[in-house]
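Following: one structure in structure tokens, then a few remarks.
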Amino acid sequence: MFGPIVDAIKGEFADKAQSILGLEEAQVEPTLKCVSDSLVDTVKKQVFGGKLNDVIGLLTGATPADANNPLMTELSSGLVNSLSTQMGMGASQAQQITDFSVPFAIEKITKKFIASGNTADLDGFASFIGIDKNILKSVSGGIGGFFGNMFGR
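The numbering of the sequence shown is UniProt numbering, which starts it at 1 and goes up by one.
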């Protein structure tokens, strides 16, 4: 479902991870997996938590991807935690990778979204990630929203 998000960051990440972050070649693939898994998990949590419009705004470029965007903060803190716990990185290295990876990923996703020609709304975003908009909308209210939509509320 979130394949376009992962695919958007794969290409350039390996080269930049080595040149900018100083990762060794053997570290690139596991770091990329951790980065993409963390970003997708955070996006899913936000969608299930009722913040679908925030996700759509950020990933379509309709809202700025800066420090004032609460979703950027969520993505960053989730990634620092993942890099620390799953990869065993120290706080400094995890923060350095996060400071590079989150803006890099959002930029790549936004560019890929714009190139897709989809509209920056529920319909366009659902088409971009390959899921029915009604399913996406029903889960966006969290469990309560899901059951409420199931029972016509």
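From the three backbone atoms N, C-alpha and C, an ideal C-beta is built for every residue, glycine too.
Would you mind working out which of Phe125, Lys137, Ser140 sits nearest Gly57, comparing C-alpha positions? For the purposes of this step, residue 57 is taken as residue 57 along the sequence shown, with counting starting at 1. Looking at the Cα atoms, Phe125 is the closest of the given residues.
Go ahead and label Lys51 buried or exposed: buried means 16 or more other beta carbons lie within 10 angstroms of its beta carbon, across all protein chains shown. Reading the sequence shown from its first residue, position 51 is the one you call residue 51. By the neighbour-count rule (16 or more Cβ atoms within 10 Å), Lys51 is buried.
Quick one: is Asp66 near chain D, going by C-beta distance under 8 Å? Structure shown: chain D not included; a single protein chain is present.
With burial defined as no fewer than 16 other Cβ atoms inside 10 Å of the residue's Cβ, what is the status of Thr73: buried or exposed? Start at 1 with the first residue of the sequence shown, and residue 73 comes out as number 73. Thr73 is exposed by the Cβ-count criterion.
Starting from the Cα of Pro64, find the closest Cα among Lys10, Ile106, Lys133 and give me that residue. Residue numbering aside, residue 64 sits at position 64 when the sequence shown is read from its first letter. Here the closest residue by C-alpha is Ile106.
Cβ neighbours of Asp66 in the same chain (closer than 8 Å, five flanking residues each side left out): Residue numbering aside, residue 66 sits at position 66 when the sequence shown is read from its first letter. Excluding sequence neighbours, Asp66 sits near Met72.
According to the Cβ coordinates, are Thr60 and Ala120 closer than 8 Å? Within the sequence shown, the letter at position 60 stands for residue 60. Within the sequence shown, the letter at position 120 stands for residue 120. Their beta carbons are under 8 Å apart, which means Thr60 touches Ala120 by this criterion.
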